[in-house]
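Residue numbers (my numbering): 2 to 1086. Written below as structure tokens is the structure these notes are about.
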Amino acid sequence: MPTNFTVVPVQDAEGGAAATATGGGKPATLDQVFVDGDKDDNSDGSQSGDDIQKESRPFILDSNMEAYNGKNMALFEEEMDSTPMVSSLLNKLANYTNLTQGVREHEEAEDGFRRIAVTVPPMGTFIGVYLPCMQNILGVILFLRLTWIVGTAGILGSFAIVSMCCICTLLTAISMSAIATNGVVPAGGSYYMISRSLGPEFGGAVGLCFYLGTTFAGSLYILGTIEILLTYIVPTATLFEAESLEGQGTAAKNTVRVYGTCCLLLMALIVFVGVKYVNKLALVFLACVMLSIMATYAGVIKTLIQPPEFNVCLLGNRSLTNDKFEVCAKTEVENNQTVTTQLWRLFCSSEHLNATCDDYFTLNNVSEIRAVPGFHSGVIKDNLWGDYGPAGMVIEKKRQGSVAAEDTSGDVYKPYVFNDMATYFTLLVGIYFPSVTGIMAGSNRSGNLRDAQRSIPFGTIMAIVTTSVFYISCVLLFGACIEGVVLRDKFGDSVKKNPVIGILAWPSPWVIVIGSFFSCCGAGLQSLTGAPRLLQAIARDGIIPFLQIFGHSKANGEPTWALLLTVAICEIGILIASLDDVAPILSMFFLMCYLFVNLACAVQTLLRTPNWRPRFKFYHWSLSFLGMSLCVSLMFISSWYYALVAMVIAGCIYKYIEYRGAQTEWGDGLRGLSLNAARYALIRLEESPPHTKNWRPQLLVLCKLDSHLAVKHPRLLSFTTQLKAGKGLTIVCSVLHGTYMTRGAHAKTAEQNLKAVMAAERTKGFSHVVVSSNLRDGFSLLIQSAGLGGMKHNAVLMAWPACWKQARDSSSRRNFIETVRETTEAHQALLVAKNIDHFPGNQDRLEGGRIDVWWIVHDGGLLMLLPFLITQHKVWKKCQMRIFTVAQMDDNSIQMKKDLQMFLYHLRLDAEVEVVEMHDSDISAFTYEKTLVMEQRSQMLKQMQLSRTEREREAQLIHDRNTASHSTKEDKASVGTPDRVHMTWTKDKLISERNKHREGMGVKDMFNMKPNQSNVRRMHTAVKLNEVVLKNSRDSQLVLLNMPGPPKSKKGDENYMEFLEVLMEGLDRVLLVRGGGREVITIYS
């Protein structure tokens, strides 16, 4: 509930009353303290004096308490939008409701009004969890197939099947209880638990598998309903007649398809029109199940007193269908005459005693035994072991002799009871498993429970224990009471078309027939009600784009489109027209769902995430792993090909969600697992530096942003993708000028822009934008600290500052050179791309051409490795690699070429080798003049920079005499002034310094300068090398050059940039490469 605090001063009653009456009673000292703050806060003068007075009262005793509601928390009022009051939070949590999506809205729309209170009262463990789980677990397999499984697999084999399946669901229930009690489980049940624990990819894949399982469960129940209808209630309601014996199976399936489709449409119409009636009839359907179970146990007790009057007719040891004859004998005496029976006519050519009969009929006698001999009959010994066989095998009684006939070709036309399908242990596992599903019913109703944290574990586990005991007892009781040939009779042909479990029930088999019929109908309606809402929950999460249409619903919340899809998928199961073929499909999807429930619990337990605090304490990761192993084993035991198909479907959905990019972040366990794995790998990586064989460029890409925070050179990221091909580490970063407090939002926007360009260019890596008061400091910080542990960059990629000459200040040049110096100091490689906007995009394909490597000095072999990495990408794949090296006068160029070819052979690199000779020559007038122009330009830049700096100092002195310039010392050092300037400035000092510099420069004539000889030599090298490169590589697709190091003294920074410009002049695409000081390529394996 919302809580309002009122602070009342302690005083006597009279004083308090007087204060209340007069409106006084406010302490003066506190009033003065608060009133000043209010005046400052309300400087606009919009509030009245009364309002200010109310705001300033720390003690509230007047009648206008509502006007001051919440003001005693004024200290936190600025944060109320992002951090609400605890009372408000608790009120929202207390009023939280969680009905199944669409059900309450649909009921309200049908009733014509909207309920204010919760429509469903809070339920306890018994009504809310135990009974729904019992209803979902006990179903069609119990009534139609359990006796057949016991007869075919034997008591021991059936006990193994039931035990495996029940233990699997019990372990899953333990894991599910831990997950369900670790927070509120909204609509979606297991889908919600798995998706929030294992992430959207696994959640979507397993959620759809669970949806398909629930949908095929609807098909299973409808097929069971039609089988009960056509086999036991109205066996004459066939629509198709077979022309031959071989066509009877096809005709029967076609009849099932027609009736099943009609039943499906009728159920879908009921779900669409009256969901509330389906929910209200749930207890009626459960009552049918419980009544049938009670009738079964009552029948077992009755066998101790008097066995039921159902007999089985045997010919030799073969079981006969007794729906076509009444007397189990070959002949009978009527009016003192021996006459043949209806059974005789089925095996003989005529009704006369001298007719030709079947050999086996002639050689063996007819006998009649009780179908349910009773608990004390000892039949349990015969039913201990299984009796598997192929399709078409005649069902025979064990330990009863018979005479075999030579000709058995006509047996198929005789009234024997046959196996309708081949039987084996793994098949029975797949058919039985659907009878233990339904354990999620309680977790799906968590919002309607009085205490979900207690009810879900206790109710679910008790329901599983109860049903497990019931199933095991049924296995023992069926094997101990019913004859083996009857148990193996799937459809009850030998007991006059009664269900086998029905002949055991008391007082009549119709109790089982009617109870199972309505139970299957109710279960089918529940499946058609739950599956569309599960699909709607998946669609509304938005993790699978093509399912979004199924998230829409009618005005009353009914998922119409999801219901239509559910009906369509359910129809597929009905067209299969065989309960035995649909059951294994259903088993696969549920087993996969249970598998991931166990996985989710195990992952969360092992990771020990802080949010993993389940109320249910009786779980352990080893139990979850055992449950996972059992689920996988049961999947492949049931049907290995169905298991593979289910896994392929789940895998395709997983990859689709991953490919389309699930933007949802749920704090899933797999993310925590990835973090733990990453932490472990980072710690391992940091233990020792990488070997030369494992070296690959881990790039730090320095990007520039324009005024709109967009990336200036997107092709820089294209080249990164081509160089990396998704391997190794890539960090794309940039720096904004300013402070983080003022430009924090800009930094986030810029980072989003970086990510968008990275996605467009398919650059896999990380992006980071920092804000710094100085761009140079920001880039320096990134070079030093980017990366984590062993995952740090070892190379820096940047674009060449093409406009450094036209820039009004020298910051671009200084930033570039300082980056070169810092990467050298940090022993990191540096890659500088000239004309990066001319580089090919990821969609381009270079048809031939060459990548030329000019290997001037050896700096670790990076120049050799980069072309190989580039040509691995499809853009450069057709380009050929050439390596040039320069020979001096004293070098043997022929031997150099042979040695280089051998070196490349050992490196396993395919490249042409060229040795270029550069003879010593005189320095040309062009080189001399170019050097002179360069030095004159540098001197003029110093003059201009000095004048601009002085103007800034004058303006700074006018605005703030108390603030000294922090950039004076750096500027003076960068321009190399002859006299050192002090940091403390006065107006007279400033004028004198300015005049001194102007007089000095006035005397010096720049046009009479002589170039520095060291600069002349460097310019000569750059010019001559550029001529050689242009001559050989003008038409190459890419040129890689050794990047010379910067001068040790900062005085030559401008000259250094000129040298690089001259070196690259006339070339289109150039990549300057500077090694990091270590070997990156080796000849060894």
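Note that CB positions come from ideal geometry on N, CA and C, so glycine has one too.
query: Burial state of G375, where buried means 16 or more other Cβ atoms lie within 10 Å; result: buried
query: Contact the stretch 699–715 vs the stretch 670–682: 3+ CB pairs below 8 Å; result: no
query: Secondary structure of D1036, DSSP reduced to three states; result: coil
query: Own chain, CB closer than 7 Å to C594, minus 5 neighbours either side, in chain order; result: S191, V207, C210, F211 and G214
query: Separation of I180 from N445, as counted between CA atoms; result: 13 Å
query: Beta-carbon proximity of G1 to N1033, cut-off 9 Å; result: With the chain running from 2 to 1086 in the structure shown, residue 1 is simply not present.
query: Per DSSP, cross-strand counterpart(s) of T226; result: DSSP lists no partner for T226.
query: A796 versus T170 - alpha carbon distance; result: 54 Å
query: Beta-carbon gap between Y643 and P585 smaller than 9 Å; result: yes
query: Pick from T339, M882 and V702 that is closest to F869, judged by C-alpha positions; result: M882
query: Same chain only: Cβ atoms within 6 Å of T341, ignoring 5 sequence neighbours per side; result: T332 and E352
query: 6 Å CB neighbourhood of N43 in its chain, flanking five on each side removed; result: Here N43 scores only 42 on pLDDT, less than 50, and its place in the model should not be relied on; the value that follows carries that caveat. Same-chain partners within the cutoff: there are none.
query: Start and end residues, beta strand (DSSP E) containing V340; result: Q338 to T341
query: Simplified DSSP assignment, three categories, for T153; result: helix
query: Opposing strand residues paired with D582 [DSSP bridges]; result: Beta-bridge pairing links D582 to no other residue.
query: Proximity to F144 [Cα-Cα], best of Q307, A787 and Y472; result: Y472
query: Environment of A647 [buried if 16+ CB atoms lie within 10 Å]; result: buried
query: Inter-residue Cα distance where the pair is F885 and T743; result: 51 Å
query: F885 (DSSP reduced to helix, strand or coil); result: strand
query: DSSP-derived helix/strand/coil call for R105; result: Low confidence applies to R105: its pLDDT is 44, below 50, so where it sits in the model is not reliable, and the reading given next is rough at best. If DSSP states are grouped into helix, strand and coil, R105 belongs with the helices.
query: Classification of M617 by the beta-carbon crowding that lies within 10 angstroms, buried from 16 upward; result: At residue 617 the sequence reads Phe, which differs from the Met that was named. The residue is buried, with at least 16 neighbouring Cβ atoms inside 10 Å.
query: Expected contact under 8 Å - CB spacing of T820 and E762 to nearest Å; result: Actually they are not in contact, since the Cβ atoms of T820 and E762 sit about 23 Å apart, beyond 8 Å.
query: Backbone secondary structure at I852 - three-state DSSP; result: strand
query: Straight-line gap, R319 to F551 (C-alpha atoms, nearest Å); result: 55 Å
query: Where N137 sits in the DSSP three-state scheme; result: helix
query: Between the CA atoms of T216 and W345 - distance to the nearest angstrom; result: 48 Å
query: Minimum C-alpha distance to E397 - residue among F160, I370 and D911; result: I370
query: Rounded C-alpha distance that separates V1074 from Y620; result: 58 Å
query: Cα-Cα separation between M194 and M177, rounded to whole angstroms; result: 8 Å
query: Cβ pair count under 8 Å reaching 3, the stretch 1037–1052 against the stretch 848–859; result: yes
query: C-alpha gap between V34 and T740, whole angstroms; result: For V34, the predicted model reports a pLDDT of 37, less than 50, meaning its position is unreliable; a value from the coordinates is still stated below. Approximately 35 Å, taken between the alpha carbons.
query: Alpha carbon of I150 to alpha carbon of T322, nearest angstrom; result: 20 Å
query: Same chain only: Cβ atoms within 8 Å of G155, ignoring 5 sequence neighbours per side; result: N384, L385, W386, G387, D388 and G480
query: For V313, the first and last residue of its enclosing beta strand (DSSP E); result: N312 to L316
query: Residue environment, V604, which counts as buried when at least 16 other CB atoms sit within 10 Å; result: buried
query: Nonlocal neighbours in the same chain, by C-beta distance under 8 Å from T237, ignoring five residues either side; result: none
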